[in-house]
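**Student:** Numbering (our numbering), first residue to last: 475 to 645.
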Amino acid sequence: MDEKIKVSGGTGLSSKDISSGKIFMTEDSLDCAYAWDTGVAINRYLSELKKARIIGTKCRKCKRVMLPPRLFCELCFIPSNEWVYLQDSGVVNTFSICYVHWDASRIGEGEKPHLPAVIEIDGASQGMGIMHLLGEVEPKHIKTGMKVQAVWKPESEREGSITDIKYFKPL
Ligand SMILES: [Zn+2]
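(1) Which residues, in chain order, sit with a beta-carbon under 6 Å away from any heavy atom of ligand 1?
(2) On the three-state DSSP scale, how would you describe Leu520?
(3) How many angstroms separate the CA atom of Gln600 from the CA atom of Ala507?
(4) Jot down the residue ranges of each uninterrupted alpha helix (DSSP H) in the region 533 to 588, minimum 4 residues, whole runs only, in chain order.
(5) Could you give the distance in angstroms between the alpha-carbon of Val611 and the alpha-carbon of Leu523?
(6) Helix, strand or coil for Glu633, going by three-state DSSP, please let me know.
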């Protein structure tokens, strides 16, 4: 694409201007190593995922079961340190049929679309859902309200991550 980009009041550049070295350009990669402390609630949540279990916390005042778990209820503003095991099944709250990758690049020709969805997990309060992927389902058969079940990675491959669940499949 060698067409000059029109810039009002400035000088347009072409890709040739860049490739020929007419303008100064440098490439670099930053060393952005970092550590992230998951905190008490998410640490337990991830540890339980490694054992193929989903855990939430319950507020003793409003009785909401929250997922992902948190150590305080943001409505009652009190500690919510009662742990509750939930089912590894749920209901599709919303979904998308996605023809782009996470970096917004288009998926390849013939590649199946990604199927991100918000799943309301059984045992958690209404509206408490997690974002995940659907699988073993044709996009045209997905419906909100559809019952789904987690498909876990084998124990040897689980590492304490939300991706320890491969996807949710229809029940
Ligand atoms: Zn509460």
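Note that the Cβ used here is the ideal one computed from N, Cα and C, for glycine as well.
**Tutor:** So, to answer that:
(1) This selection yields Cys533, Lys535, Cys536, Arg538, Cys547, Leu549 and Cys550.
(2) Secondary structure at Leu520: helix, using DSSP grouped into helix, strand and coil.
(3) 38 Å
(4) none
(5) 23 Å
(6) Note: Glu633 maps to coil in three-state DSSP.
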